[in-house]
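Okay, here's the thing in structure tokens:
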């Protein structure tokens, strides 16, 4: 770890000097002189006096450097059967013209624009066009329900909404305009205009406030890049699963650009001209950071994929994309590979494709469970890297840094803190935990560039939600530990640590054991209320495709496995075999919701759920098997 340790220590001991060096590696209109300062509440602010435009840094700069003919976007849409390539020059021209169209609708520096689009190149064009004008974009996942869209419109107060006529799924077309019309009807704030990209799969009729994307573009004049301060906001992104008043994470411009550029080199080991593929959605932070901004800032080509990991058309689609576009670095969520593993447990689809171009596979969004890690590690000849970060941080907190010093991997570990992130584990008294001792994972101030700088319209909420629990530290909300070699193990949200008769045990640890069984494709372990012990664990298990064994025998085997590996103290006595688990569209299992059902609490269907029917399936299974107080739970 010699090289890594030297760089990490320099970033912690001399943060201003370290991040000044990194800032010099991106193009500024006016380079910053004030690298780091603190606001009145002691929160770090980076590059406040520098001036730049992230659209210029990601597009115009590369065109000026001679990369105008290099592909910037490979768009691949198996759900529509269409593909498209846009060069840096073409993308820059589209963005400049659409920025001019937005300016013609009155959008100026500091105004907000809500973007409600599927995975099409125009989603990136819209985001960059906002950045070009110095406007603040807020991307809402295409297909979100009208109420959820309405509360975001009321919070962000956009001048314009940019959308497509529809989204396309494997087996259906989702009209977007009815959702937008209903949301605007519900919201107190009324945008001045809506711009729609007409798609072949769903044409719409325009109302009074509506404009056609292509018609606007045809008569728009290209707009130049507007200089903004390094500390000016680039976007507001609402955290998934928000209820009540949404929590809009605010990202600055300068710190974000510097951090993303650094991460592409140090973590993902990609150089200008390389192809980077992140299988996510622009509605999530992964899409913002590693589909839209980071690859193009680095001069790479980004793959924009409109499809699923399976059934579009098969479990080999990721391997096809890697092979076809010569992807060097690939990033997705563990849940995607659990879906692939379920349909193709022996990896037969991989054998049809030449993926010798691939140098590393990165996974994040949720913990990479060891069984999935080992399956991928056995299947591939490249490093399989679990790395950990959050919507709030915008880029990885801990990783195996392939461009700095690749380290041996450990199943279940996100490896080591990334330079800039002073990660510590604190016990319940706020003291630094010993190696192997679990506690709250926190980040000591100053947070590095690229992290959130506030909650939109609510600075006190930012402090109370993230900074107040342990003064001087950012609270990640995750629990975990460091081992003796300094490897970080993030075991899941701190509310996934259950208290069984006074013993604190991690459900993540139990999931490792259950998921290792050869018949299990995916699992979740939740803690439910128990009058005697406080809490007890319950396992929910999806068998692999083709499983034709006895479900009762499987349940008994899993109970015995946990008893053997963790001990009787775990009180792991109930397992339910289910056909599917409720997840967000980004692949996170809705464990808190499952706990609420098992504990008999009222529950609602969150806006972020991918398959609402999965919730009813699990609820019915819990009632049938008499789990906790599930029979009392009621949907509201």
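Numbering (the UniProt record's numbering), first residue to last: 1 to 636. From the three backbone atoms N, C-alpha and C, an ideal C-beta is built for every residue, glycine too.
Asked                                                                                                                        : Found
Cβ neighbour criterion (16 or more within 10 Å) applied to residue 373                                                       : buried
Endpoints, the alpha helix (DSSP H) within which residue 71 is located                                                       : No alpha helix (DSSP H) contains residue 71, which is instead part of the beta strand (DSSP E) from 71–77.
Segment limits, alpha helix (DSSP H) that includes residue 254                                                               : 254–266
Distance between residue 65 and residue 242 (C-alpha atoms, nearest Å)                                                       : With a pLDDT of 35 at residue 242, under the threshold of 50, the modelled position of that residue is not reliable, and no figure is offered here.
Three CB pairs or more closer than 8 Å across the segment 74–84 and the segment 259–271                                      : no
Bridge partners - residue 684, DSSP secondary structure assignment                                                           : No answer is possible for residue 684: it lies beyond the span of the chain, which begins at 1 and ends at 636.
Cβ pair residue 166, residue 174 closer than 7 Å                                                                             : yes
Cβ-Cβ distance between residue 405 and residue 3 below 7 Å                                                                   : yes
Proximal residues to residue 476 (C-beta, below 7 Å), its chain only, five neighbours per side dropped                       : 390, 441, 442 and 443
C-alpha gap between residue 308 and residue 576, whole angstroms                                                             : 27 Å
Residue 591 - containing alpha helix (DSSP H), residue span                                                                  : 591–598
Cα-Cα separation, residue 317 to residue 428                                                                                 : 45 Å
Inter-residue Cα distance where the pair is residue 53 and residue 163                                                       : 24 Å
Same chain, Cβ closer than 7 Å to residue 310, five either side skipped, listed in chain order                               : 339, 340 and 343
Beta-carbon proximity list for residue 122, same chain, < 6 Å, skipping 5 on both sides                                      : 197
Cβ shell of residue 285 (< 7 Å), same chain only, five flanking positions each side left out                                 : 237, 391 and 394
For residue 100, the first and last residue of its enclosing alpha helix (DSSP H)                                            : 88–104
Residues bridged to residue 494 [DSSP beta-bridge criterion]                                                                 : Per DSSP, none; premise fails for residue 494.
Boundaries (first-last residue) of the alpha helix (DSSP H) holding residue 325                                              : 317–325
Expected contact under 8 Å - CB spacing of residue 222 and residue 96 to nearest Å                                           : 4 Å
Residues near residue 269 in its chain [Cβ-Cβ closer than 6 Å; skip 5 each side]                                             : 402 and 403
Distance between residue 202 and residue 170 (C-alpha atoms, nearest Å)                                                      : 15 Å
Straight-line Cα distance separating residue 194 from residue 422                                                            : 43 Å
Local conformation of residue 66 per DSSP, three classes                                                                     : helix
Beta carbon of residue 325 nearer than 7 Å to that of residue 275                                                            : yes
Where the beta strand (DSSP E) through residue 210 begins and ends                                                           : 210–212
Proximity winner among 543, 545, 559 and 635, relative to residue 537 (alpha-carbon distances)                               : 559
C-beta contact flag for residue 296 and residue 135 at 7 Å                                                                   : no
Start and end residues, alpha helix (DSSP H) containing residue 306                                                          : Per DSSP, residue 306 belongs to no alpha helix (DSSP H) and is neither H nor E.
Residue ranges of each alpha helix (DSSP H) within the UniProt domain "AMP-binding enzyme C-terminal" (509–588), 4 or longer : 551–565
Close beta carbons around residue 30, own chain, < 7 Å, minus the five adjacent residues each side                           : 50 and 51
Where the alpha helix (DSSP H) containing residue 620 begins and where it ends                                               : 612–624
Cβ-based burial, residue 499 [other Cβ within 10 Å; buried from 16]                                                          : exposed
Expected contact under 8 Å - CB spacing of residue 630 and residue 604 to nearest Å                                          : In fact, because the Cβ distance is near 16 Å, the residues do not count as touching under 8 Å.
Residues that residue 332 bridges to, as DSSP identifies them                                                                : 363
Collapsed DSSP secondary structure at residue 422 in the structure displayed                                                 : strand
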